[in-house]
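Structure, as structure tokens:
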Amino acid sequence: MSFFGQEPYDFFTEEATIRNRNHFEFGIGTSNFLGDLGGKDSIGTNDLQDLELTQFNMAAFMGLRHSFTKNFYGRFNMTYGKVSGDDKLTNEPFRRNRNLNFKSNIFEFDLMGEVWFNFGSRKGHQHQLKRVNSQKGPWHVRGLSIGLFGGVGVFHFNPQAQIQGQWVYLAPLRTEGQGLPGGPDEYKLWQINFPVGINGMVRLHRKWSFGIEATYRFTKTDYIDDVSSTYYDANDLMLYQGEQRGEVAAYLSNPSLGMINEGKPDYVTTQGQQRGDSSDNDGYFYALIKVDYLIIKDSGFHKRKTHKATGNTRSKHKKTRMRF
């Protein structure tokens, strides 16, 4: 109900969204990996139960968000993250004995759709909008939004392992015989992922919102950590790759500690035995502090009133101009 023609006004109206559709976003936070290496002191699960808390690394992103409606957005993100894993961090006997490690930078590009739910939007009367926004200052809580999103992307990875204090790239070493006789196919360093996530944002200014975002990446590869299937014969690695590269490949394919069976020769790491779990693809996730900047067209701030009114109210105030 209006009083003297003053109707409550929602700062997150469909009209306001349409007039200023584009947002610039950026954030910084942390990343972690769920795959074959490292993990808890039990058999690997590839879910959050197997999360290694010491392996959080830096992550950051930037992107654009475009509103199609008040509650549905499209997003394009460019993201960087680092992932890593180390069997020395687990006390599960077989995984610790395997003694593999890796790290990799990840660069990705994602297209996503996002559904927003707005709560507690700041309301006022149209004749008071200028006073509320200007005289009381621009920084105050104007509403809370919860976003659910998902989509598809491409990402680049290139795993490395440490040997004698130096980091070497693993893909050229073909540690599981990728591309060699009897081995699996070589894996590609560009792969597809499927991001899903949730965020919570607080709007503190007509242009600025701040919040947190958590997102998980399902992938189409099991080789982010260079570990997937079975052990390849170390002698064949040396034979097919030459002496210098072959020696490094042979060692990094099977640097086991020989701890199983009281230090006797370890049959569980011989050719054809399980090295990784090829039934589960690798995944990784981000936890980020996020900033959203609304790209406002100054000409869009002063528009003719378009919300519905009836009777004399509409006639009397049809030329009223509003600001959000």
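Each residue of the sequence shown is one higher than the one before, starting from 1185 at the first, in my numbering.
Glycine residues also receive a C-beta, built at the ideal position from the N, C-alpha and C atoms.
| Item | Value |
| --- | --- |
| 8 angstroms contact criterion, which F1339 and I1290 should meet: CB distance rounded | 5 angstroms |
| Opposing strand residues paired with T1263 [DSSP bridges] | F1245 and E1292 |
| Distance CB(Y1407)-CB(G1367) smaller than 7 angstroms | no |
| Straight-line gap, F1260 to G1442 (C-alpha atoms, nearest Å) | 48 angstroms |
| Buried versus exposed call for W1323 [16 or more other C-beta atoms within 10 Å across all chains shown] | exposed |
| Closest Cα partner of L1373 within the set F1341, G1381 and R1387 | F1341 |
| Opening and closing residue of the beta strand (DSSP E) in which G1211 lies | N1206 to L1218 |
| Under 7 angstroms between C-beta atoms of S1413 and E1360 | yes |
| Those residues which DSSP pairs with G1297 across a bridge | G1258 and G1334 |
| Alpha-carbon to alpha-carbon, G1430 and L1423 | 7 angstroms |
| Simplified DSSP assignment, three categories, for T1253 | coil |
| The segment 1396-1407 in contact with the segment 1472-1480 per 3-pair CB rule at 8 angstroms | yes |
| Start-end ranges of the alpha helix (DSSP H) lying completely within the segment 1393-1445, minimum 4 residues | 1418-1425 and 1427-1437 |
| Span separating the alpha-carbon of F1278 from that of D1409 | 17 angstroms |
| Beta carbon of Q1239 nearer than 7 angstroms to that of N1285 | no |
| Integer Cβ distance of Y1477 from H1250, believed to fall under 8 angstroms | That pair is no contact at about 13 angstroms. |
| CB contact check: G1265 to chain D, cutoff 7 angstroms | Checking the listed chains, one finds no chain D in this structure; it contains a single protein chain. |
| Residue(s) in a DSSP beta bridge with D1476 | E1209 and S1393 |
| Residues that DSSP places opposite N1285 in a beta bridge | D1270 |
| Sequence-distant residues of its chain with Cβ nearer than 7 angstroms to S1462 (five each side left out) | D1406, S1412 and S1413 |
| Assigned secondary structure, L1511 (DSSP; H/G/I helix, E/B strand, else coil) | Nothing in the structure corresponds to residue 1511, since the chain is present only between 1185 and 1508. |
| Nearest candidate by alpha-carbon position, reference Q1350, set F1333, K1287, K1404 and L1364 | K1287 |
| Residue span of the beta strand (DSSP E) that contains V1380, given as start and end | W1374 to R1387 |
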